[in-house]
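Residue numbers (UniProt numbering), protein chains in the order written: chain A, 1 to 243; chain B, 1 to 243.
In this text, a Cβ means the ideal position worked out from N, Cα and C, and glycines have one as well.
Here the structure is a predicted model, which is why all the values come from computation and not from measurement.
Taking it in order: structure first as structure tokens, then the write-up.
There are 2 protein chains.
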Amino acid sequence: MKKIFVIGIGPGEESYMTPAAKEAILASDVVIGYKTYIDLIPHLVENKKVIDSGMKKEIERCNLALDLAEEGSTVSLVSSGDPGIYGMAGAMLEVKGQRDSTVIIEVIPGVTAVSAAAAVLGAPLMHDFTVISLSDLLTDWEVIKKRLHLAAEGDFVIALYNPKSKGRVTQIEEARDILLKYRKKETPVGIVRNAKREGEAHMITTLDEMLQHPIDMLTVVIIGNSNTFIQGNKIITPRGYAL
Amino acid sequence: MKKIFVIGIGPGEESYMTPAAKEAILASDVVIGYKTYIDLIPHLVENKKVIDSGMKKEIERCNLALDLAEEGSTVSLVSSGDPGIYGMAGAMLEVKGQRDSTVIIEVIPGVTAVSAAAAVLGAPLMHDFTVISLSDLLTDWEVIKKRLHLAAEGDFVIALYNPKSKGRVTQIEEARDILLKYRKKETPVGIVRNAKREGEAHMITTLDEMLQHPIDMLTVVIIGNSNTFIQGNKIITPRGYAL
Chain A
1 MKKIFVIGIG PGEESYMTPA AKEAILASDV VIGYKTYIDL IPHLVENKKV IDSGMKKEIE
61 RCNLALDLAE EGSTVSLVSS GDPGIYGMAG AMLEVKGQRD STVIIEVIPG VTAVSAAAAV
121 LGAPLMHDFT VISLSDLLTD WEVIKKRLHL AAEGDFVIAL YNPKSKGRVT QIEEARDILL
181 KYRKKETPVG IVRNAKREGE AHMITTLDEM LQHPIDMLTV VIIGNSNTFI QGNKIITPRG
241 YAL
Chain B
1 MKKIFVIGIG PGEESYMTPA AKEAILASDV VIGYKTYIDL IPHLVENKKV IDSGMKKEIE
61 RCNLALDLAE EGSTVSLVSS GDPGIYGMAG AMLEVKGQRD STVIIEVIPG VTAVSAAAAV
121 LGAPLMHDFT VISLSDLLTD WEVIKKRLHL AAEGDFVIAL YNPKSKGRVT QIEEARDILL
181 KYRKKETPVG IVRNAKREGE AHMITTLDEM LQHPIDMLTV VIIGNSNTFI QGNKIITPRG
241 YAL
């Protein structure tokens, strides 16, 4: 059966990779993914063709996966987190559609970055939340700003993906300015880098002071709602239970 | 060390339970959780005290876990999905704070319901999204309605948790009415019951026709944004790549 697994391995360490992800890799002839991740699982890729996707663009990678599957290989397209959240699942299905292919695409979900970051911070996501990417490479910045306004007005807990990169530094500043129109400057903010993998670091701060801490592309930023509070070294958004 | 693990086992089957979750259970003296889930992992709970939390309320369960940990036991509080998303992590930390306890609480994230449901449907979450619970047991319905309006206006993909229960049937109807003020009736909607576990069933439909299909508490409903489309038997929200 011609098949591509689009696999999320979670934060990046084997302890958060699901057995389903492992089994799919073991069932594959070819594994495409970043060397950093593949290097963590050498015992799973023995005797397989491994293609380091480090330098490949997303659509190229999907076309390559489809070429190989059409030739009869079972292919794993491996990435971190959950491939269904800003991940490779969409591009892979779009490429399949564009090429009118009959290859079967199976998405294997993983522990996504917002779950990993929340676990490090305590319990910030106990209530309705939004996930917003601040990357304006593929999305108009005006659309992102509108979403920040509406999410803030709705008192959603807000998780920001791709908050800042080397060449993109003002978006997180503008995002904070927007949020301060709706929320108190004491609003708890959690900043987590490399959540639940090697090099994990986190900071619990406030909307007022968040920009004093390092933020980059490996960071998820979580902004509390109007009920979120800091307890010791944790952030908690109450669900509303009577204690 | 007095410790409580708040563990998410993912959708419910062992293939989506992380090794970190298993290791935490194995390291525990007491495991508290629904019998349905514990029964799936008999080899992990041999020689352990197992407490079926089926009949216990959330806060009671947290107090019990804390009592046992204070007495010196390492305790696992086990639930499905991710305990950090509408789960037990918040209540457990709140109870710890209320009792001014020094017990260490560690949250072990899992594959959350929205990731599992999205994987079944294809790739609906490729862009900014919101997660909203329609349960008004702990949240004022007016707050939930306001959030639905704002999320719809912001063109977020919208995932609805707890869309309907036996005693709560009108919320999903009202939610649909609100969304129809902002989105076309052809907007793709995915309905997934028991995502990535036994009894999985799903339906791909539209905002117009979604109420003709069964929806209950085991269901997650995902409503596309203005760019979401149906391709074959999958829902795709394009990320914006040029193919």
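Terminal residues of the alpha helix (DSSP H) in which residue i lies
i, result
"Leu26/B", "Pro19 to Leu26"
"Asp177/B", "Gln171 to Leu180"
"Val95/B", "Met88 to Gln98"
"Asp67/A", "Glu58 to Glu70"
CA-to-CA distance, residue j to residue i, given in whole angstroms
i, j, result
"Leu44/B", "Ser226/B", "46 Å"
"Ile4/A", "Ala89/A", "10 Å"
"Lys22/B", "Thr205/B", "37 Å"
"Gln231/B", "Gly97/A", "7 Å"
"Arg99/A", "Leu66/A", "9 Å"
"Asp52/A", "Val111/A", "22 Å"
"Thr228/A", "Gly72/A", "52 Å"
"Ile25/B", "Ser76/B", "6 Å"
"Ala201/B", "Ile191/B", "8 Å"
"Ser115/A", "Glu60/B", "25 Å"
"Ile236/A", "Thr102/B", "17 Å"
"Arg193/A", "Gly199/A", "8 Å"
"Val107/B", "Ile32/B", "15 Å"
"Phe156/A", "Leu137/A", "25 Å"
"Leu150/A", "Gly154/B", "6 Å"
"Phe129/A", "His127/B", "14 Å"
"residue 245/A", "Ala113/A", "In this structure chain A extends from 1 to 243, so residue 245/A is not present and cannot be described."
"Pro19/A", "Pro42/A", "15 Å"
"Glu14/A", "Val30/A", "20 Å"
"Gly167/A", "Lys146/A", "22 Å"
"Asn47/B", "Glu46/A", "37 Å"
"Trp141/B", "Ala117/B", "25 Å"
Counted within 10 angstroms of its Cβ, other Cβ atoms place residue i as buried (16 or more) or exposed
i, result
"Gln212/B", "exposed"
"Ala242/A", "exposed"
"Val169/A", "exposed"
"Ile105/A", "buried"
"Ala27/B", "exposed"
"Met49/B", "Reading off the sequence, residue 49/B comes out as Lys, not Met. By the 10 Å Cβ count, Lys49/B comes out exposed."
"Asp39/B", "exposed"
"Gly12/B", "buried"
Sequence-distant residues of the same chain with beta carbon closer than 7 Å to residue i, five excluded per side
i, result
"Leu207/A", "Arg176, Leu179, Leu180, Arg183, Lys185, Thr187, Val189 and Ile223"
"Ala119/A", "Lys196"
"Ile9/A", "Met17, Ala21, Tyr37, Val78, Ser80 and Gly110"
"Met1/B", "Ile104"
"Glu58/B", "Met88 and Ala91"
"Val95/B", "Ile59, Cys62, Asn63 and Leu66"
"Glu54/B", "The sequence given here places Gly at residue 54/B; Glu does not occur at that position. So the list reads Tyr34 and Lys35, once near-sequence residues are dropped."
"Ala69/A", "Lys2, Lys3, Ile4, Val75 and Val103"
"Arg239/A", "Met126 and His127"
Residue range of the beta strand (DSSP E) that includes residue i
i, result
"Val143/A", "Segment Trp141 to Glu153 is the alpha helix (DSSP H) holding Val143/A; no beta strand (DSSP E) there."
"Thr206/A", "Ala201 to Thr206"
"Lys48/A", "Lys48/A -> no beta strand (DSSP E), and no H or E assigned at all."
"Tyr161/A", "Val157 to Tyr161"
"Lys35/A", "First-last for Lys35/A: Lys35 to Ile38, but that is the alpha helix (DSSP H), not the beta strand (DSSP E)."
"Ser76/B", "Thr74 to Ser79"
"Gly8/B", "Lys3 to Gly8"
"Pro188/A", "Pro188 to Arg193"
"Ile222/B", "Thr219 to Ile223"
"Gln231/A", "Phe229 to Gln231"
"Lys196/A", "Counting along the chain, Lys196/A falls outside any beta strand (DSSP E), and DSSP gives it neither H nor E."
"Ile235/B", "Lys234 to Ile236"
Contact set for residue i: own chain, Cβ-Cβ below 8 Å, skip 5 residues either direction
i, result
"Ser133/A", "Tyr86, Thr139, Ile144, Leu160, Tyr161 and Asn162"
"Lys164/A", "Leu134, Gln171, Ile172, Ile215, Asp216, Met217 and Thr219"
"Lys234/B", "Leu121, Gly122, Ala123 and Ile204"
"Leu93/B", "Ile105"
Cβ-based neighbour list, residue i, same chain, cut-off 6 Å, excluding 5 preceding and 5 following
i, result
"Leu148/A", "Ala175 and Ile178"
"Ile7/A", "Ala21, Ala24, Ser76, Val78 and Ile108"
"Ile158/B", "Thr130, Ala151 and Ile223"
"Met210/A", "Val189"
"Val221/B", "Leu160, Pro163 and Ile191"
The ligand ADP heavy atom lying under 7 Å from the CB of residue i
i, result
"Glu58/A", "The ligand ADP is absent from the structure shown, which contains no ligands of any kind."
| task | Jot down the residue ranges of each uninterrupted alpha helix (DSSP H) in the segment 108 to 139 of chain B, minimum 4 residues, whole runs only, in chain order. | result | 113 to 121
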